[in-house]
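Here the protein sequences line up with chains E and Y, keeping their order.
Everything in the first sequence is counted per this note's numbering, starting at 44 for the first residue and increasing by one.
Everything in the second sequence is counted per this note's numbering, starting at 44 for the first residue and increasing by one.
Using N, Cα and C, we set each Cβ at its ideal position, and we do this for glycine too.
For reference, the structure discussed in these notes is given below.
There are 2 protein chains.
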Amino acid sequence: MSTPQADSGVRHRTRRAILDAALAVWARDWNASLGDIADQAAVSRSTLHRYFPDRQALVEATKERALEAFEEAGCDATSGSGTAREELDALLRNAVAAGDAVIYLYSDPHRFGDEWAAEDPGSDHTEMRELVVRAQAEGAIAADVDPDWVISVFYSLVYVGAESINAGTLPRHRAGEISSRTFFGGVAPG
Amino acid sequence: MSTPQADSGVRHRTRRAILDAALAVWARDWNASLGDIADQAAVSRSTLHRYFPDRQALVEATKERALEAFEEAGCDATSGSGTAREELDALLRNAVAAGDAVIYLYSDPHRFGDEWAAEDPGSDHTEMRELVVRAQAEGAIAADVDPDWVISVFYSLVYVGAESINAGTLPRHRAGEISSRTFFGGVAPG
DNA sequence: CGATGATGGGACGTCTATGTCCCAAAATCA
DNA sequence: TGATTTTGGGACATAGACGTCCCATCATCG
């Protein structure tokens with residue numbers, strides 16, 4: 044048989060290798076070709092096509108993989124544990140730690156077609172919005188700014204933090220720390 | 044003659060139309076084809092090629108155009124007028140106002156090849172760095188954070204602000220205002 | 001060892017973006 | 001008006017990415 048079907052260990056590993064390669068390469072250069080992905084995965088282009096019939100299939104699967112990495116990083120473990128501020132803080136630190144996955148998911152709005160812009164990542168923009176509004180009610184976030192602005196800044200800082208890790212500028216834990224601090228208090232002293 | 048040479052008013056106008064179209068289109072979708080640019084400029088693809096022999100030429104010229112728009116927005120008029128904080132504030136507001144130009148220049152690091160990452164936009168990262176260090180000395184910015192982090196956050200907020208204008212979420216002046224506030228003080232109240 | 005599975009790699013055909021040429025129509029200018 | 005400039009648009013050629021097939025080779029498992 045030509046196309047992999049059962050779930051042997053080998054297949055799982057190659058599939059995973061391709062997905063991780065796609066995540067790493069596309070996070071840095073969305074215009075990279077399937078050939079580039081195959082190279083990074085140390086796999087032939089033929090094999091890549093065996094696992095993912097067309098580009099779209101790989102993009103989708105990589106998106107799933109990124110969301111998975113997202114959850115592994117604990118991005119969903121924020122359910123009503125403490126204050127909204129604590130939840131936002133944890134969410135931010137975890138997202139930063141997710142690194143490439145974040146960059147892949149958020150750097151280009153056109154990546155997944157137009158439905159993605161309206162859709163919600165990880166869980167939901169609506170959910171995120173509620174969290175922000177709650178933080179505003181708690182007095183942790185200024186009440187006189189549009190929640191959408193806060194959300195934009197949030198994602199933006201996640202992105203900057205993830206990129207710093209990516210570039211080797213900051214160690215993983217420092218990135219989350221400084222992103223959180225900057226989010227809540229800007230670049231002001233003390 | 045087939046290729047435009049002298050500097051008639053007509054030529055200047057079409058050239059400008061093409062550049063502005065490229066700026067607007069590529070700021071939103073870097074993968075847009077030359078045909079898309081030509082459409083946006085209400086010009087035939089032939090004409091586009093008459094003005095810019097190949098894609099690279101247009102990319103370069105658009106970069107120049109963006110830098111020009113940058114200066115028009117007052118992004119360079121910050122020379123030692125007041126405190127470092129005041130300069131950073133003005134720089135941020137002006138950059139946000141530059142809109143598409145900012146997005147074009149900073150959204151994709153690969154846009155202008157690898158030399159751009161090391162290079163400096165508008166004027167110089169070195170200059171920017173000195174400004175940040177000066178602000179730290181003045182006590183306007185926390186002294187215990189890496190200036191590079193501050194710079195990243197700065198550009199990031201410029202980007203978010205510019206996108207808000209672009210998306211119509213915020214009016215031009217509000218965007219600069221809120222970007223500045225967020226930069227210095229985060230999303231904290233008061 | 002033999003069978004089945006998985007991979008590598010080449011050969012094609014297709015499609016899109018790009019770049020070049022050329023000529024007729026439209027606009028501009030003297 | 002007549003000449004010159006500028007433009008539109010089609011016809012081509014080219015290059016790169018994609019997707020499909022096919023077959024030899026290597027690994028794995030019985």
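Counting only beta-carbon atoms, is residue i nearer than 8 angstroms to chain E?
| i | result |
| --- | --- |
| residue 153/Y | yes |
| residue 165/Y | Note that residue 165/Y scores 47 on pLDDT, short of 50, meaning its location in the model is unreliable; the coordinates nonetheless yield the value given after this. It does not: the Cβ of residue 165/Y has no partner Cβ on chain E nearer than 8 angstroms. |
| residue 230/Y | yes |
| residue 143/Y | no |
| residue 195/Y | yes |
| residue 69/Y | no |
| residue 221/Y | yes |
| residue 209/Y | no |
| residue 140/Y | no |
| residue 201/Y | no |
| residue 102/Y | no |
| residue 185/Y | yes |
Which of the three DSSP states, helix, strand or coil, is assigned to residue i?
| i | result |
| --- | --- |
| residue 74/Y | coil |
| residue 214/E | coil |
| residue 95/Y | coil |
| residue 82/E | helix |
| residue 168/Y | helix |
| residue 126/Y | coil |
| residue 163/E | Summary for residue 163/E: the model assigns pLDDT 47, below 50, so the residue's position carries little reliability, and this model does not support an answer. |
| residue 189/E | coil |
| residue 180/E | helix |
| residue 201/Y | helix |
| residue 143/E | helix |
| residue 153/E | coil |
| residue 67/E | helix |
| residue 196/E | helix |
| residue 100/Y | helix |
| residue 87/E | coil |
| residue 60/Y | helix |
| residue 175/E | helix |
| residue 112/E | helix |
| residue 138/E | helix |
| residue 233/E | coil |
| residue 52/E | helix |
Just mark residue i as buried or exposed, buried being the case when its beta carbon has 16 or more other beta carbons within 10 Å.
| i | result |
| --- | --- |
| residue 115/E | exposed |
| residue 137/E | buried |
| residue 132/E | buried |
| residue 111/E | exposed |
| residue 87/E | exposed |
| residue 143/E | buried |
| residue 225/E | buried |
| residue 165/E | With a pLDDT of 48 at residue 165/E, under the threshold of 50, the modelled position of that residue is not reliable, and the figure given next carries that caveat. So residue 165/E ends up on the buried side. |
| residue 203/Y | buried |
| residue 57/E | buried |
| residue 53/E | exposed |
| residue 78/Y | exposed |
| residue 207/E | buried |
Looking at C-alpha atoms only, which residue of the options is the closest neighbour of residue i?
| i | options | result |
| --- | --- | --- |
| residue 171/Y | 102/Y, 198/Y, 217/Y, 60/Y | 198/Y |
| residue 70/Y | 106/Y, 173/Y, 174/Y, 221/Y | 106/Y |
| residue 91/Y | 183/Y, 55/Y, 169/Y, 200/Y | 55/Y |
| residue 82/Y | 141/Y, 150/Y, 60/Y, 99/Y | 60/Y |
| residue 251/E | 134/E, 145/E, 57/E, 97/E | With chain E represented from 44 up to 233, any question about residue 251/E goes unanswered, as that position is not in the structure. |
| residue 211/E | 103/Y, 72/Y, 191/Y, 175/Y | 191/Y |
| residue 135/E | 230/E, 231/E, 194/E, 75/E | 194/E |
| residue 97/E | 84/E, 113/E, 85/E, 76/E | 76/E |
| residue 113/E | 73/E, 153/E, 205/E | 205/E |
| residue 67/Y | 147/Y, 128/Y, 218/Y | 147/Y |
| residue 125/E | 151/E, 79/E, 178/E, 152/E | 178/E |
| residue 155/E | 222/E, 196/E, 104/E, 221/E | 104/E |
Taking only beta-carbon positions, decide if residue i is within less than 8 angstroms of chain Y.
| i | result |
| --- | --- |
| residue 105/E | no |
| residue 95/E | no |
| residue 182/E | yes |
| residue 74/E | yes |
| residue 205/E | no |
| residue 188/E | yes |
| residue 212/E | yes |
| residue 225/E | yes |
| residue 233/E | yes |
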